[in-house]
Each structure stands twice: as structure tokens, then as C-alpha cells.
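Reading through the C-alpha cells given below for one structure.
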Amino acid sequence: MDELVQRFLAGDRRALARVITRVENGTLEGRDYVRALFPHSGRAHIVGITGGAGSGKSTLTGALAAEIRRRQKTVAIIAVDPSSPFTHGALLGDRIRMQDVTMDPGVYMRSMAGRGALGGLAPAIADVVAVVDAFGFDYIIIETIGAGQDEVEIAGTAMTTVLVNNPGTGDDIQALKAGIIEIADILVVNKADHPGADVLVSQLQALLALSPADERRPPILKTIATRGEGLAPLIDAIDEHRAYLEQSGQLAAHREEDARHQLLAITQQLLLDEIRKAAPEAVIATLTDRIASRQLDPHTAAEELAALVLPRA
Amino acid sequence: MSTATATGKIRVLIAKPGLDGHDRGAKVVARALRDGGCEVIYTGIRQTPEMIAEAALQEDVDVVGLSILSGAHLELFPRVVEELKKRGLDDVLLFCGGIIPEEDTEALQKLGFKAIFRPGTNTQDIVKFVYDNVKK
Numbered sequence: 007m008d009e010l011v012q013r014f015l016a017g018d019r020r021a022l023a024r025v026i027t028r029v030e031n032g033t034l035e036g037r038d039y040v041r042a043l044f045p046h047s048g049r050a051h052i053v054g055i056t057g058g059a060g061s062g063k064s065t066l067t068g069a070l071a072a073e074i075r076r077r078q079k080t081v082a083i084i085a086v087d088p089s090s091p092f093t094h095g096a097l098l099g100d101r102i103r104m105q106d107v108t109m110d111p112g113v114y115m116r117s118m119a120g121r122g123a124l125g126g127l128a129p130a131i132a133d134v135v136a137v138v139d140a141f142g143f144d145y146i147i148i149e150t151i152g153a154g155q156d157e158v159e160i161a162g163t164a165m166t167t168v169l170v171n172n173p174g175t176g177d178d179i180q181a182l183k184a185g186i187i188e189i190a191d192i193l194v195v196n197k198a199d200h201p202g203a204d205v206l207v208s209q210l211q212a213l214l215a216l217s218p219a220d221e222r223r224p225p226i227l228k229t230i231a232t233r234g235e236g237l238a239p240l241i242d243a244i245d246e247h248r249a250y251l252e253q254s255g256q257l258a259a260h261r262e263e264d265a266r267h268q269l270l271a272i273t274q275q276l277l278l279d280e281i282r283k284a285a286p287e288a289v290i291a292t293l294t295d296r297i298a299s300r301q302l303d304p305h306t307a308a309e310e311l312a313a314l315v316l317p318r319a
Numbered sequence: 003m004s005t006a007t008a009t010g011k012i013r014v015l016i017a018k019p020g021l022d023g024h025d026r027g028a029k030v031v032a033r034a035l036r037d038g039g040c041e042v043i044y045t046g047i048r049q050t051p052e053m054i055a056e057a058a059l060q061e062d063v064d065v066v067g068l069s070i071l072s073g074a075h076l077e078l079f080p081r082v083v084e085e086l087k088k089r090g091l092d093d094v095l096l097f098c099g100g101i102i103p104e105e106d107t108e109a110l111q112k113l114g115f116k117a118i119f120r121p122g123t124n125t126q127d128i129v130k131f132v133y134d135n136v137k138k
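Respectively, the protein sequence lines represent chains B and H. Using our numbering, read the first sequence as starting at 7 and increasing by one per residue. Using our numbering, read the second sequence as starting at 3 and increasing by one per residue.
Right under this line is the structure:
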């Protein structure tokens, strides 16, 4: 392990790739890599790109990476695609849209499978982001699984969340609904050469006008990612948002919140692992049967199960 | 030191080097491996040997499958293998498929290709090959 960490810290991209695999698999060894590399993380600006399937997230991410490189900065891309709920296999096709940047030594691009996680990300995303950050990129772009109305997990991991919208995908009532639109720090209208782009921009403007006056209003930007248009203003807006987060103290608050979330999520997993270790399958099966046959309610059953490792629970 | 451990998924890169634009076969194989439980990275058509090797490195794949229909396999495949080696990726499992004459089998085996799948192959055989041969 030490040898791989040394190569990683010396900037060996293959070492980075290998470490990510171990971390992604969530093994004990993977946890040790996070332990070793976490102190080196915390420098990158983490940008989330989310939006519906087919909204142009991958193309936009590739074009954004190219613009970042034009500014002499380095960037890692983590693109998440869904895993099959049945076979747990996945087809990861985001590289197809990012061909122009993937040969650039200042770009690292990694495809990740969702592996059953809800919320548009992957179970190990926080750990993977931490080690990629430790490698020393200026920006990390996380592209989520195609999101619908409620996949808001990205806002916990990313500092700046970009929501990609398209013309012709619903009336202004869609935008009024709670959920994903509330987490957007920047709104992008991609495929802005398609009919209805200006209508969508004014709908989004009208929507934002309804929010309290003292709240920061997310900028609305038009892009045509396939032609690389509108990307310079987008990276400017991302940088401006970063400056806003720093000046307003929200960056520190975001880090605190993310840290708290990770602490509790990992602890929850550790306790669950302990319960699984302590509880023979027969005990779980018996409790399951009693719930299914309505002899026992699920809360009492869970308390019995938890009591195996937590005597006072 | 392979990544295809009990908790990890087998990661496979399916790539099409060269200029032919017919990727039906590559997509069918990618889909079959997906259904077989692998995580398959598909990079699309017209990939240079450098792009394929770089994708294999960044994605830390256990397996690389190349598809070719143009007849340029004896020109392009050695360059892919060379680019993989240049990056230290000499332990990935290699296979290929497409329109590849029988007489080229030996040359490709010498290059390190563990299997050649021609038209008419049952996709389940490809999945089985990957699971049987990936380094554990």
C-alpha cells in the first residue's frame, strides 16, 4: 500500500486510478487509502453537474473541462451512470462525449457506476472525491446520473451545483415544484439553439423573482455544449460562486455540513455492519417471518435486532 | 493485485480502434457484459491506440476488448498493445472480435489476445470467457 500511496503523491495517474478502484469497492484496504490521503484533500473546487437524462450533461462537462484547460487549470471528471438493479452490471458511456479532453494530461476522467445508490450518485462518491482531490486537481466535476425532480444528493458533495435544463421539457409549473431546482447555484439552459430557449429563460427568471429578495439568485446561462458556446461565462459564474461562498462564510458551513453528514453516514454503516456480523441469518429470518405474518411490527423487530450489539437500544 | 475482488466489479473497456464506423457488434458485446454483471466502459468509434490505452489507464479496467471490421487489425492492435505496455498496463486481459481471418489468429495470440470472437459467437461465451480468465 505504501508504494502505491507514494506513487500517487508523486503524481502517477495510474496510481490514482488504482486507488480509486480500491476506495470505490469500499474494502478495508480502500478505507486505509482514504485515511492516508484525506489529509491531502480539501483544495479542489468541486462542481456538480446535474439534470435530466439527455439534457447534455456529459457534453457540457467535456466542454467545461476544455475551457478550464484553456485557463491553465487542471480538472478531474467523475461521471456516474446507473447500475442495473437486476444484474448490477453497468454500461458507462460518458467518455464518448468527452473525447476532446481525455488525452490531455491536465484532465483525468473516470466513469463510476451508481451501484444501487439513490440520489444520482454512487455509494463511495465522498471517498472517491476525497482521494481525487488529494491528487491535486484545481477543479473536480461530478456529473450525476440523469436526475429527475428529486435527486438532490449532489448538493451535499459539490460546492457549486449546476442544473442543466433544456427547452421544451415542461411548463413553468414544473419549475415551481420543490426539489432539484432549489439546489441549483447556477441554472444552465443547454441546447439554447433549440426552439423555446428564450421562453425557458424567462420562465426561470420569473420563478427566481418569486424567491426572497435577500437570497442569492442563481444566474441563468445559455449554452450550446456541442459547439462549446457559453462555456466561458459558465466557468466565470462557477468561479464567482466560489468567491461568494468564501466571502459569505458558506464554504466553511458547507464543509461542516458535509463532514457531519459523512460522519453520521459512515457510523450508521459501521453499526449496520456490526449488527450483520452479530446477527445470525437465522435470527434475521425469524424476525422477517414474524413481521411478514403480522406477529410483530417492524419497529419492535428492529429494536430486537439492534439489541444484539447495542444492549441498551 | 487485480481489482476484480469479491466486492469489486469486473471493469471492461470495449473500444473500436481505427476508422470503420460500424459499432453494432461492439454494442452487443458491451450490453452482454453489462447483463453479465460487469461494469463496461464504452468509448465509441474511431479511437486511436493512444486514446484506448489512456482510457484503460484512467478507468483502471481489468479487461480490454477491441472490435474491428476494417481489416486493419494487424496494423492497429500491435499499437494498442504497445501503448498499453508503455503505461504499465501489461496485466489486463485482452480479447478482440470482428472480421478477423483465421490466418491472423496466431499473430494476435502472440500479441497477447486471449480470445478472438468472430461473427456468430454466442455472447454468453464472451461473458464466460471474461469471468474465467480475469485475474482474481
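All C-beta atoms in this analysis are idealised placements derived from N, C-alpha and C, irrespective of residue type, glycine included. It should be emphasised that the depicted structure is a prediction, and the values quoted were computed from it without experimental measurement.
Beta strand (DSSP E) runs wholly inside the segment 31-106 of chain B, at least 3 long, in chain order = DSSP runs (the beta strand (DSSP E)) wholly in the segment 31-106 of chain B: 51-57, 81-87 and 96-98.
When the Cα atoms are used, what is the spatial distance from S90 of chain B to D139 of chain B?
-> Within the first sequence, numbered from 1, the residue matching residue 90 of chain B stands at position 84. Within the first sequence, numbered from 1, the residue matching residue 139 of chain B stands at position 133. Cα to Cα, S90 of chain B sits roughly 28 Å from D139 of chain B.
If you follow the alpha helix (DSSP H) that L311 of chain B is part of, which residue opens it and which one closes it?
-> Numbered from its first residue, the first sequence carries residue 311 of chain B at position 305. Residues P304 to A312.
What are the residues that DSSP puts in a beta bridge with P19 of chain H?
-> Within the second sequence, numbered from 1, the residue matching residue 19 of chain H stands at position 17. H:Q49, per the DSSP bridge assignment.
When the cut-off is 8 Å and only beta carbons count, does Y145 of chain B lie next to chain H?
-> Position 139 of the first sequence, counted from the first residue, corresponds to residue 145 of chain B. False, the Cβ-Cβ gap to chain H never drops below 8 Å.
Could you tell me which of B:R121, B:A312 and B:Q209 sits nearest to I281 of chain B, measuring between CA atoms?
-> By one-based count along the first sequence, residue 281 of chain B stands at place 275. The candidate whose alpha carbon is nearest that of I281 of chain B is B:A312.
Option nearest P103 of chain H by Cα separation, candidates H:L96, H:I70, H:Q126 and H:N135 = Reading the second sequence from its first residue, position 101 is the one you call residue 103 of chain H. For P103 of chain H, the nearest C-alpha among the options comes from H:I70.
Could you check the C-alpha separation between A231 of chain B and L302 of chain B for me, to the nearest Å?
-> By one-based count along the first sequence, residue 231 of chain B stands at place 225. By one-based count along the first sequence, residue 302 of chain B stands at place 296. Their backbone Cα atoms lie some 56 Å apart in a straight line.
Residue closest to A85 of chain B, alpha-carbon to alpha-carbon, out of B:G32, B:D18, B:G112 and B:T56 = Sequence index remark: in the first sequence, residue 85 of chain B carries index 79 (1-based). Here the closest residue by C-alpha is B:T56.
Outcome for P218 of chain B when other beta-carbon atoms lying within 10 angstroms are tallied against a minimum of 16 = Numbered from its first residue, the first sequence carries residue 218 of chain B at position 212. Counting the other CB atoms within 10 Å of its CB gives P218 of chain B a total below 16, which places it among the exposed residues.
F143 of chain B, DSSP secondary structure in three states = Numbered from 1 along the first sequence, position 137 holds the residue referred to as residue 143 of chain B. For F143 of chain B, the secondary structure class from DSSP, reduced to helix, strand or coil, is coil.
With C-beta atoms as the reference, is G36 of chain B less than 8 Å away from R49 of chain B?
-> Translated into the one-based positions of the first sequence, residue 36 of chain B becomes position 30. Translated into the one-based positions of the first sequence, residue 49 of chain B becomes position 43. Against a cut-off of 8 Å, the Cβ pair of R49 of chain B and G36 of chain B comes out as no contact.
Name, please, each residue of chain B whose Cβ falls closer than 7 Å to the Cβ of A57 of chain H.
-> Residue mapping note: residue 57 of chain H aligns to position 55 of the second sequence, counting from 1. Those are R101 and T108, listed as they occur along chain B.
When the Cα of L78 of chain H is compared with those of H:C98, H:V42, H:D62 and H:N135, which residue comes out closest?
-> Within the second sequence, numbered from 1, the residue matching residue 78 of chain H stands at position 76. Put simply, of H:C98, H:V42, H:D62 and H:N135 the residue whose alpha carbon is nearest the alpha carbon of L78 of chain H is H:C98.
Whose C-alpha, out of B:D133, B:H51 and B:P201, is nearest the C-alpha of D144 of chain B?
-> Taking the first residue of the first sequence as 1, we reach residue 144 of chain B at position 138. D144 of chain B has its Cα closest to that of B:H51, out of B:D133, B:H51 and B:P201.
Where T306 of chain B falls, given that 16 or more other Cβ within 10 Å makes a residue buried = Here residue 306 of chain B corresponds to residue number 300 of the first sequence, with the count starting at 1. Exposed: under 16 other Cβ atoms inside 10 Å.
Excluding sequence positions up to five away, which residues of its chain have a Cβ less than 6 Å from the Cβ of R81 of chain H?
-> Sequence index remark: in the second sequence, residue 81 of chain H carries index 79 (1-based). A distance below 6 Å between beta-carbons, with the five flanking residues on each side excluded, links R81 of chain H to the following residues of its chain, in chain order: P51.
Look at the alpha carbon of G62 of chain B and the alpha carbon of G234 of chain B, and state the distance between them as a whole number of angstroms.
-> Looking up residue 62 of chain B in the first sequence gives position 56. Looking up residue 234 of chain B in the first sequence gives position 228. Approximately 12 Å between the Cα atoms of the pair.
Delimiting residues of the alpha helix (DSSP H) encompassing K283 of chain B = Here the question's residue 283 of chain B lines up with position 277 in the first sequence. Q256 to A284 is the extent of the alpha helix (DSSP H) around K283 of chain B.
With DSSP as the reference, label V132 of chain H as helix, strand or coil.
-> Translated into the one-based positions of the second sequence, residue 132 of chain H becomes position 130. Three-state result, V132 of chain H: helix.
Where does A221 of chain B sit, in a helix, a strand or coil, going by DSSP?
-> Within the first sequence, residue 221 of chain B is the residue found at index 215, counting from 1. The sequence shown places Glu at residue 221 of chain B, not Ala. In the three-state scheme derived from DSSP, where H, G and I count as helix and E and B as strand, E221 of chain B is classed as coil.
What is the rounded straight-line gap between the Cα of D110 of chain B and the Cα of I244 of chain B?
-> Within the first sequence, the letter at position 104 stands for residue 110 of chain B. Within the first sequence, the letter at position 238 stands for residue 244 of chain B. Those two C-alpha atoms are separated by around 22 Å.
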